[in-house]
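Data first, discussion second: the structure below is written as structure tokens.
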Amino acid sequence: ATTGARTPAGGPGGVERGSGRGPTAAAPRRTRRTPARCRVCGRTLTDAGEMKLMRCEDCPSDMDEGVYERLREWRAVQAGRSGQPAFCVFTDKTLMAIAESVPEDEHELARIPGVGARKFNRYGADVLAICAGRDIAGLDEDD
Numbered sequence: 002a003t004t005g006a007r008t009p010a011g012g013p014g015g016v017e018r019g020s021g022r023g024p025t026a027a028a029p030r031r032t033r034r035t036p037a038r039c040r041v042c043g044r045t046l047t048d049a050g051e052m053k054l055m056r057c058e059d060c061p062s063d064m065d066e067g068v069y070e071r072l073r074e075w076r077a078v079q080a081g082r083s084g085q086p087a088f089c090v091f092t093d094k095t096l097m098a099i100a101e102s103v104p105e106d107e108h109e110l111a112r113i114p115g116v117g118a119r120k121f122n123r124y125g126a127d128v129l130a131i132c133a134g135r136d137i138a139g140l141d142e143d144d
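Numbering-wise, the numbering used here puts 10 at position 9 of the sequence shown, and it's gapless, one number per residue.
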């Protein structure tokens, strides 16, 4: 039988309701992201492809065509070896972003959108070698 009396928030067990962080823990702060801006004209980027390139689709590209073609050849070899589609290695937009920035070290490569930790660890050395103009074993060989 209930008496209609309410128990304290914690109930008879003495457990205090709350966040579980304790009474002195500060609430987590949300950091506000600054919108991505075109590195050429400064316009706010809203399209995922533009954000990956860090420029508007209409703004001029400073892509190194030779690096881009070598990256595409290398990607085809990698895709063939792993039995997966080429875009699973890197998308065209990611290859374009790499060929536009031509990273010289691991830090620069890791900052390119589309190059996450897994792909960086798996392909980073080859990509940096291509950007530096070095030969990649198996890339230029005829099969």
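Virtual Cβ for every residue (Gly too), placed ideally from N, Cα, C.
Boundaries of the alpha helix (DSSP H) around Asp93: Asp93 to Ser102. Within the same chain, Cβ atoms closer than 8 Å to the Cβ of Gly139 are found at Val78, the five residues on either side in sequence being excluded. The C-alpha of Glu101 lies about 18 Å from the C-alpha of Arg135.
Secondary structure in the region 43-72: the alpha helix (DSSP H) runs of 4 residues or longer, each lying completely within the stretch, are 49-54 in chain order. The region 61-71 makes no contact with the region 84-91: fewer than 3 CB pairs, one atom from each, lie closer than 8 Å.
In this chain, the alpha helix (DSSP H) harbouring Gly125 covers Ala118 to Cys132. When rounded, the separation of the alpha-carbon atoms in Leu110 and Gly117 is 10 Å. In the three-state reduction of the DSSP assignment, Arg34 falls in the coil class, being assigned neither a helical nor a strand state. For Glu107, the enclosing alpha helix (DSSP H) has its first and last residue at Glu107 to Ala111.
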